[in-house]
Each structure stands twice: as C-alpha cells, then as structure tokens.
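Residue numbers for the sequence shown follow numbering that gives the first Met the number 0, beginning at 0 and rising by one. Built from N, CA and C at the ideal position, the CB exists for glycine as well. Keep in mind it's a predicted model, so treat the numbers as computed, not measured.
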Amino acid sequence: MKLFIRNIVHPSRRGREIDDAVLTVTEEDAARLEWPLSKGWFRSIWWLSFLVLAVLAGRVFVLNTVQGEKYQGMSERNSLRMLTIPAPRGIIYDRTGQALVQNIPTLDLAVVPSDLPREEGDRVRERELLRSIIDIDQEVASSVFGAKGNTASPVLLKSRLTQEEMLIFLSRQADFPGVVLMRSAEREYRDGTIFSHLIGYEGKIRQQELDDYPEYGLSDMIGKEGIEKSYESFLRGKNGADRVEVDALGKIKKELGSVQPVPGNDIILHIDAELQKKIFDSLSMLLETKNLKRAAAVAMNPETGGVLALVSLPSYDNNLFSGGIDQKHYEELLTDDARPLFNRAVSGEYPPGSTIKPVVAAAALAEGVVNEHTEIESRGGISIGKFFFGDWKAHGFTDIRRAIAVSSDVYFYSVGGGYGSVPGLGMRRMKAYEEFFGYGKKTGIDIPGEADGFLPDPDWKQRRFGERWYIGDDYHAAIGQGFVTATPLQILNSIATIGNGGILREPRLVSHIRDASGKLSPVESPVVRRDFVDANILRIVREGMRETVTEGTAQPLRDLPVAVAGKTGTAQFGTGKDTHGWFVSFAPYEKPEIALIVLVEGQGEEGYNAVPVTKEVYQWYFGDRGTSN
C-alpha cells in the first residue's frame, strides 16, 4: 500500500474535516484500513520493544560495570607495556676475591608477538626485510615470526647487537612493528678455558627447560653447567620493569614508572684461582710433552672439604657458549674424540688401580686379617691353579706399611682374596669398607654431572654375566682393577679422609653466598660419616703413605719443602697395554692443608707421569708461590 499526503492539516483547523488531504489507495488497502487494530496487538508490540530495550540496557550495564575492568585492562594492554629490566647476575669470586666472571652490558633484538602484523604475508615480508639489514639466524627468525601470538612478553631474536646493527635498526624502526630493542647483559668469563668445567656457563633457556622454570620467559638466560647451573636460584636475582606507553608499532611514547631490579647473590668459592692456573698449566705442559690428550686433577682442603682446584683436560672456552654458540663450533666440540666438554674430574669413571690400596689396607687391619707387623712375601706373583696373578716386581717380605710404599700387588692379593695363611677379606667386606670411604656413590659435590663409580659383588656378577665370583675377582678388586671404577674426586675424598683422621665430607666448591646487602652466608660441607675406622689404623696407613715418598714409588717428592704422603697407581684398561697414571697425596704430612689427585689417561708404559706434576704444584704452592708475586 502507498500512502501519499499532499497537504498537512494546519493546527488551527483541528476538529474540521480533512477535506484537502487526498489519500490515494487501492480498494484492497482501503478495506484493510476499515478494520480496527486490537488493543492486544498494541500491547504485544509494546512489550516486545520493552524487552529488546531491557536486554540492550543490561548488556551495556554488564560491559561497563561488571566487566568494565576486564575490558579496560585489555584495552590498556594494547597500549601499555611492562619492559623487563634484567637483574644483574651475581658475580663468582675465588677465595681471594678475584672475580672469575663479569657482566657486560649488551643490546638484544626481540619480538613482541602481540604487536606483529596479523597477516602471515606481512609477517614474512617484515622478517625478510629485517634479515636483509641485520644478520639473523633464519631458523630462529622463522620460528619467531611464524605465527601471530597474543603475548606481550618479548621473545629473543638476536643477542649482542653491534653498534652498527643498532643504528641501522633505529633508523628504520617504523618498518618493523613488534620488533624492539632490549637491554641485557652477557657473561664474560675470565680465563674461560681454565675454569670452564667448574664454573660452567649460562645460555638462553630452552623450551623444555621452561617446564622446570615456569617463572622464566623465552628470552631469559639460565645457568647451563657448573656453578652457573647448580647455584642458578642464587645468581639470578629479581628482574625489574619499566611501565611504558607504546604506539601501534610498539614504539615507546611515554614512560610511566619503573620497578628497579634486585641483583643476584654473589658466589664466593673455595677455589684458589692461582692454584687452578698452576695445575692447569703443569698438566697441559705434560700432555704436550708426552703427546697425550686427556688428564684431570682435583685439590681440596682435607679439614674443610673445600675444593681448591678442579681441572679437566682437554678443556673448552665457556665464553663460546655465553650468548649462544654457533653450530660450527658446537659440532667441533661434540665430535672431538678427546671430549673437551666432558668433566673427567667428577664424571669420569676409571679403574682406581693402586690408589685404592690404602683403603683396602685399613679394611684388612680393622677386620684383623693382618696386623701392622704381618709380613707377606712377594716373589713376583702368585699362582692359583692354572692362573697366575703377577706383581709388578718381586718385593720380598713386606709388612703393611712397606706394601703401601712399594705398592706390592701380592700383599694386597693376599689380604683381599686370601692366600696361604692369610684368610683374606673377600669382596663383600672390601666393598663395605670402600663404601665407608665414599666409593660407589656420588660425593655430593655442588656441581652437576657427578658419576657414582662402581663397586661389584658376587650377586651382581651372577645377575650380569650368569657367572660365579672367583678368587681372581677378589684379587683384581684388591688392587683396583677388574670391575671396580671410581671418579678422581671419589679417590681424592677417600685419601683426604685418611689424611684428616677419619672424617668423610661432602666436597664443596662454594664457600659463601653474599646477598645484595653484603650479608655473607656460609655453605657447609656436611660430614657424611666419622670415626668408622680406629684412629690408630689410619695412623698406620698414613705412615705407609709417607714411606711411599721417602722410600717407595714417589721418591722424587722427597726434596720438597714440606713432608708429603701419597700413593701412586697405574690402572690397565682396554687390551691391557695402556694404563692410566695416578698419584694421590696430601701435605703437610702431620697436618694436611691440601690433598691433590692427578690423573693422566693412556700414558702407556711410561710410568708415574702424575708424580712430576704433583711435585711441580707442591713446589710452587709451598715455596715458589711466595716469591713469584
């Protein structure tokens, strides 16, 4: 129906007929107009309109009042950012206060996923443009720009921008929405190659590590190895933040305030940096001279359990890992057959050879198998049926002190497995005492990666090989061969226990932790056990170790300015033609200040290469050190 109104009735003519209003309608429409609309129909329309308006009003109320804060926050997050101010990582010092690491300020390039373009094509173009002006790893860039995210937390794209890269980026920042510069710091390790196996390094956190550290972000750095890893919670500190307003490109428009970071705690080590360097240099020179590749050494204070030095060769430069190592260098380290990343001092498991004899001697005396005067003759070996167990030399008759000093295998075959009138300990009792002295279990040192070593027994051999235990197995175990393995640190800790009178401790690298206020908190070296062997027995063993230097296999140490007690060792491996060379010792003899173990891998038949290194170190430590400064 069409309704046309030609003229509108003037108000003064109300009540009069509308004679000048012409309505043009069809007959059908006219008929409809004659039917009056019901009051119910009007009421329905009114209520429907009311309900629609009520719903709309209610929605407005909810959005503005109930959920107003939520949506206001969402809106603010589109323009407000909390920019992290990284907390300075704690510094690591040696016992004398020498800083072994420092923080170098850097600028990093990061991406805020929520600020990236929505369209994939736009993100790809931005990524490629950025790569054209700054050298960015393609795989990392593809991952970061791959998908539009909702988080405003920055994701690290490239660390350590050069000044030139920074200036280029700033000149074209408008071309890169969502890409920002971040203040950061990089660890610089002093003499990295010398200290790498004990300090470790920090690196960018990996995705799988975030499960263990949910409070970290993808751009955070974290300790990966050594002290950096084991004391991560102390070194990290607490980040601060700048609250800023940004534009649509993520560019800062206004600073709204900040929370300052709390620096991480400093770590003070037992490590003597100069001693560490001396051992490192002495061992390195030996390897170069002998055309060898692998060695390790550990020094500790027998009284406190504090580790004074820890060296593993070959080493690596932990500065390569700070900020991210490139794939080429990483592959070189991984494929090197000398395994420079492997910490031999705490992770290497070796047959201890004759370095285990002082412990077996203590067990034999404690169990009454022999006494300090019992003599056993060595004619160069013993025969059991068709099997011959040789000695490295015919020593004649020796008591237990002399047997330690000259390293008589026959003596220890006899006390270990029995021979003639000597009943022998047997493996179960040998194992029990070796465990007392710390064999077969981690020492508990405060860096990751420590190995357990291994002590066999008859039950294990039956399970492993389906064979019974023979007396020959006792003989081999008694001289540190066969199935027995230990780490250099384990052997050193056992000898330190003999040197200090019978106190087995958990070794510690860290001496104190210092917080931001300067408060020092000591890190204890817990006592594992004490007084498990009679003091007189330990005295006899120590006397035998002193004779090792005065009359036995380590006589080159006799002219040192301090009395030394020790035990040499050679341990066959592989086909038996090659040997590892050991020397473990403590000094001064009467009141030890230092215990030292030196391992030289694969020395062949050249004898005790570890002894001259020990002599050089002790000569410097107790003599030349004071005159060399």
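| Asked | Found |
| --- | --- |
| Segment limits, beta strand (DSSP E) that includes Gly202 | Tyr200 to Lys203 |
| Nearest-angstrom Cα separation, counted from Arg117 out to Thr25 | At Thr25, the pLDDT of 46 sits below 50, so the modelled position is not reliable and the matter cannot be decided from this model. |
| Spatial distance of Thr613 from Asn370 (CA atoms) | 31 Å |
| Reference Asn499; option with closest CA among Phe436, Pro112, Gly384 and Lys441 | Phe436 |
| Alpha-carbon to alpha-carbon, Ala586 and Gln618 | 11 Å |
| Endpoints, the alpha helix (DSSP H) within which Ser141 is located | Gln137 to Phe144 |
| Beta-bridge partners of Trp581, as assigned by DSSP | Gly568 and Leu598 |
| Counterpart residues of Asn102 in DSSP-defined beta bridges | Arg186 |
| Contact set for Leu274: own chain, Cβ-Cβ below 7 Å, skip 5 residues either direction | Ala298, Leu307, Ala308 and Tyr620 |
| Residue range of the beta strand (DSSP E) that includes Ile470 | Taken as a continuous stretch (DSSP letters only), Ile470 belongs to no beta strand (DSSP E), being part of the alpha helix (DSSP H) at Ile470 to Ala477. |
| Buried or exposed (CB count within 10 angstroms, at least 16 for buried), Asn535 | exposed |
| Simplified DSSP state of Arg88, which is helix, strand or coil | coil |
| C-alpha gap between Lys228 and Gln206, whole angstroms | 17 Å |
| Assumed close pair Ile446, Ile226 - CB separation to whole angstroms, cut-off 8 Å | 6 Å |
| Glu118 CB to nearest heavy atom of the ligand ADP below 7 Å | This structure simply doesn't include the ligand ADP, nor any ligand for that matter. |
| Under the three-state DSSP convention, the category Thr150 falls into | coil |
| With 16 other Cβ atoms within 10 Å as the buried cut-off, status of Gly347 | buried |
| Beta-carbon contacts of Pro611 that lie in its chain and below 6 Å, excluding the five residues immediately before and after | none |
| Backbone CA spacing between Glu75 and Gly236 [nearest angstrom] | Here Glu75 scores only 45 on pLDDT, less than 50, and its place in the model is too uncertain to base an answer on. |
| Euclidean distance between Cα positions of Gly199 and Val154 | 24 Å |
| Any 3 or more C-beta pairs closer than 8 Å across the stretch 369-384 and the stretch 336-354 | no |
| Assigned exposure category for Gln571 - 16 Cβ within 10 Å defines buried | exposed |
| Three or more C-beta pairs below 8 Å linking the stretch 467-476 and the stretch 497-516 | no |
| Assigned exposure category for Gln461 - 16 Cβ within 10 Å defines buried | exposed |
| Test: Val597 CB closer than 8 Å to a CB of chain D | In summary, chain D is missing from the structure at hand, where a single protein chain is found. |
| Reference Gly191; option with closest CA among Val178, Arg88, Asn608 and Leu340 | Leu340 |
| Same chain only: Cβ atoms within 7 Å of Ser113, ignoring 5 sequence neighbours per side | Gly148, Asn149, Thr150 and Ala151 |
| Endpoints, alpha helix (DSSP H) assigned at His328 | Gln326 to Thr334 |
| Separation of Gly416 from Val509, as counted between CA atoms | 41 Å |
| Leu519 - partner residues in DSSP beta bridges | Arg513 |
| Beta-carbon proximity check, Lys223 vs Glu201, cutoff 8 Å | yes |
| Through-space distance from Met81 to Ala594, alpha-carbon basis | 52 Å |
| Closest residue to Leu488 among Asp325, Glu330, Ala294 and Ala344 (Cα-Cα distance) | Ala344 |
| Val483 (DSSP reduced to helix, strand or coil) | coil |
| Inter-residue spacing [alpha-carbon to alpha-carbon] between Gly177 and Gln137 | 18 Å |
| Residues near Asn102 in its chain [Cβ-Cβ closer than 8 Å; skip 5 each side] | Pro87, Arg88, Ile90, Ala184, Glu185, Arg186 and Glu187 |
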